[in-house]
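Just so you know, the sequence shown maps onto residues 136 to 382 in the working numbering.
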Amino acid sequence: MATKAYLWRKALAGLLFPQRRCLNCAALSVGMALCPRCLTTLQQLRVCPRCASFIAATETADYLCADCRSREQSFALARAALPYSGELRQQLLAFKYRDRAGLRRGLSAVLLAAYQHHYRSFLFDAVVPVPLSAQRLQARGYNQVELLSALLSAELELPHHPEYLQRVRDTQRLYQMSRAERARVLQNAFLASSVVEKQRILLVDDIYTTGATARAASTALLKQGAASVCVLCVAASHELADDVQAE
Ligand SMILES: [Zn+2]
Ligand SMILES: [Zn+2]
Numbered sequence: 136m137a138t139k140a141y142l143w144r145k146a147l148a149g150l151l152f153p154q155r156r157c158l159n160c161a162a163l164s165v166g167m168a169l170c171p172r173c174l175t176t177l178q179q180l181r182v183c184p185r186c187a188s189f190i191a192a193t194e195t196a197d198y199l200c201a202d203c204r205s206r207e208q209s210f211a212l213a214r215a216a217l218p219y220s221g222e223l224r225q226q227l228l229a230f231k232y233r234d235r236a237g238l239r240r241g242l243s244a245v246l247l248a249a250y251q252h253h254y255r256s257f258l259f260d261a262v263v264p265v266p267l268s269a270q271r272l273q274a275r276g277y278n279q280v281e282l283l284s285a286l287l288s289a290e291l292e293l294p295h296h297p298e299y300l301q302r303v304r305d306t307q308r309l310y311q312m313s314r315a316e317r318a319r320v321l322q323n324a325f326l327a328s329s330v331v332e333k334q335r336i337l338l339v340d341d342i343y344t345t346g347a348t349a350r351a352a353s354t355a356l357l358k359q360g361a362a363s364v365c366v367l368c369v370a371a372s373h374e375l376a377d378d379v380q381a382e
């Protein structure tokens, strides 16, 4: 088992990549995915104790977001690196529609920084990306989230298992739907393999907005006996944000 100091060194090394600008603020940041200021932001932003939604800095320590107050979440914990806005949003959209190797390494370094901040004391048996449906995979040729989770799992020296989870329903028109419609459509959209039994899963996605995808995918893994599911995303929205278009 790698020590925490070792993992931190790897995280910082993992932040080195041949890009000249910070992925979150576009400031000059030679060789680093995030500039020092954005790395500090990542470590200081207030987040809901259960899900990945960012919350106001003025909330009390035990404050739960409205969504977590209104329902039981299937995942044990969900976390994201930074808010889904501005420069990072542009970079994620660029990555979603045209993969670039530099962007892939940079965004996986952002994921790694979030992992080191939120999950460094956790133990996981497998890293699993949120899958695309077969139709969408065929149309695009690759799952962009899987590109990130593969690099992350290599950095963490954890097994990478995309085959643990399948998307059995095509849900590509989610962005046009309301929160309630999304939840209904996503129910039974995922199917997990029975080999996940007793495994502690780190589920990786690019963006956390309403949490509907993370909940549905976690439910499928838990149904097959996974011991626990924790979610890690590059970006998440602020609590009650209207922008739910990306999931
Ligand atoms: Zn920055
Ligand atoms: Zn929450």
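Backbone N, C-alpha and C fix where the C-beta goes; we use that ideal spot for every residue, glycine too.
These figures come from a predicted structure and were not determined experimentally.
When only Cα atoms are considered, residue 335 and residue 218 end up about 26 Å apart.
When Cβ pairs closer than 8 Å are counted between the two stretches, the segment 239-249 is seen not to touch the segment 312-328, the count staying below three. Residue burial is scored here from C-beta neighbours: residue 317 has at least 16 other C-beta atoms within 10 angstroms and is therefore classed as buried.
A Cβ-Cβ contact shorter than 7 Å links residue 159 with residue 223. Comparing alpha-carbon positions, the option among 232, 286 and 190 lying closest to residue 274 turns out to be 232. Sequence-distant partners of residue 281 (beyond 5 residues in either direction) whose C-beta falls short of 7 Å from its own C-beta, in its chain, are 264 and 297. At least one heavy atom of ligand 2 falls within 6 Å of the beta-carbon of residue 185. Its chain contains 186 as the residues whose beta carbon lies nearer than 6 Å to that of residue 346, once the 5 sequence neighbours on both sides are disregarded; these appear in chain order. Annotated three-state conformation of residue 253 is helix, per DSSP.
In this structure, ligand 1 has a non-hydrogen atom nearer than 6 Å to the beta-carbon of residue 162. In the structure shown, residue 200 falls within a coil segment according to DSSP collapsed to helix, strand and coil.
Comparing C-alpha distances from residue 305 to each of 348, 331 and 328 shows the shortest one belongs to 348.
DSSP places residue 208 outside any alpha helix (DSSP H), giving it a letter other than H or E.
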